[in-house]
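Below is one structure; the comments refer to it alone.
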Ligand SMILES: Nc1nc2c(ncn2[C@@H]2O[C@H](COP(=O)(O)OP(=O)(O)OP(=O)(O)O)[C@@H](O)[C@H]2O)c(=O)[nH]1
Ligand SMILES: [Mg+2]
């Protein structure tokens with residue numbers, strides 16, 4: 001037995017320089033790479049009226065393509081993309097909902113619990129119409145995704161000149177003028193919402209950590225009592 005331990009000890013001793021070397025390499029190169037992964041994917045839902053370009057925006061951002069022949073969405077479509085934003089790598093699950101009236105009842109199912117919601121409207125429509133649609137979709141989100149980062153995207157901006165996008169101090173107040181056709185502002189829109197959703201998730205995680213009750217203060221449980229019986233002092 002002692003021999004075995006001694007043998008084991010010698011092996012470990014032999015490995016020691018290698019471990020120290022690998023630790024140094026990690027400290028030099030591993031720490032230089034400042035990226036980290038966000039474990040839980042972010043759920044992003046695209047909502048809005050039929051034909052405004054939700055599927056085109058999703059496909060442009062996820063696949064880098066614009067498909068003019070694509071028909072209306074039935075039910076919903078799911079796409080996913082892995083992105084790195086400000087050094088954090090995260091999977092974004094994009095739920096592209098159908099805008100047609102007959103699928104409306106399904107939308108809450110897809111938006112439920114979303115961390116990001118993008119309300120898409122047609123930039124060529126009248127401003128009053130645009131505002132009404134955005135307000136209406138915002139209202140619907142209150143029930144299913146009250147904590148979501150919500151941004152509005154006036155799509156098809158290649159067909160008109162709607163003015164500059166509102167700066168994204170908080171995407172919830174921002175309107176992005178996008179074009180799935182020309183890729184204008186599409187990356188900016190998704191980058192901003194992902195960034196804000198990540199910082200919101202970080203803040204929530206910190207709150208949870210701080211709110212964990214002091215374990216010492218917990219009242220004794222049955223398990224404690226049983227242990228005391230099994231091992232009396
Ligand atoms: N010019 C222009 N056309 C666009 C743009 N985005 C989408 N379209 C066109 O608008 C039409 C509708 O686009 P979709 O992406 O299918 O719209 P949708 O919102 O997904 O529609 P539903 O699935 O029915 O809700 C298609 O003919 C697209 O080619 C854009 O940025 N510019
Ligand atoms: Mg669609």
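Residue numbers (this note's numbering): 1 to 233.
Quick reminder that beta carbons are idealized off the backbone N, C-alpha and C, glycines included.
Looking at the unbroken alpha helix (DSSP H) that takes in residue i, where does it start and where does it end?
i: residue 142; result: 127-144
i: residue 110; result: 107-111
i: residue 63; result: 54-63
To which residues does DSSP link residue i through a beta bridge?
i: residue 37; result: 89
i: residue 80; result: 93
i: residue 124; result: Answer is none; residue 124 lacks a bridge partner.
i: residue 174; result: Residue 174 is not bridged to any residue.
i: residue 150; result: 117
i: residue 48; result: 120
i: residue 179; result: 184
i: residue 43; result: 93
Residue i by DSSP, collapsed to three states: which one?
i: residue 216; result: With a pLDDT of only 49 at residue 216, under the threshold of 50, the placement of this residue in the model should not be trusted; the figure read from the coordinates follows. DSSP places residue 216 in helix when its eight states are reduced to three.
i: residue 167; result: Here residue 167 scores only 49 on pLDDT, less than 50, and its place in the model should not be relied on; the value that follows carries that caveat. Reduced to three states, the DSSP call for residue 167 is coil.
i: residue 157; result: helix
i: residue 189; result: helix
i: residue 197; result: helix
i: residue 204; result: helix
i: residue 74; result: coil
i: residue 227; result: With a pLDDT of 45 at residue 227, under the threshold of 50, the modelled position of this residue cannot be trusted; read the value that follows with caution. Correct three-state label for residue 227: helix.
From which residue to which residue does the beta strand (DSSP E) around residue i run?
i: residue 70; result: First-last for residue 70: undefined, no H or E at that position.
Original post:
Three or more C-beta pairs closer than 8 Å, one from the segment 121-136 and one from the segment 82-92: is that the case here?
Top reply: no
Original post:
So, do the segment 198-206 and the segment 174-190 have three or more beta carbon pairs nearer to each other than 8 Å?
Top reply: no
Original post:
Are the segment 72-80 and the segment 192-202 touching by the rule of at least three beta carbon pairs closer than 8 Å?
Top reply: no
Original post:
Quick check: the segment 139-159 against the segment 48-60, are there 3 or more CB pairs under 8 Å?
Top reply: yes
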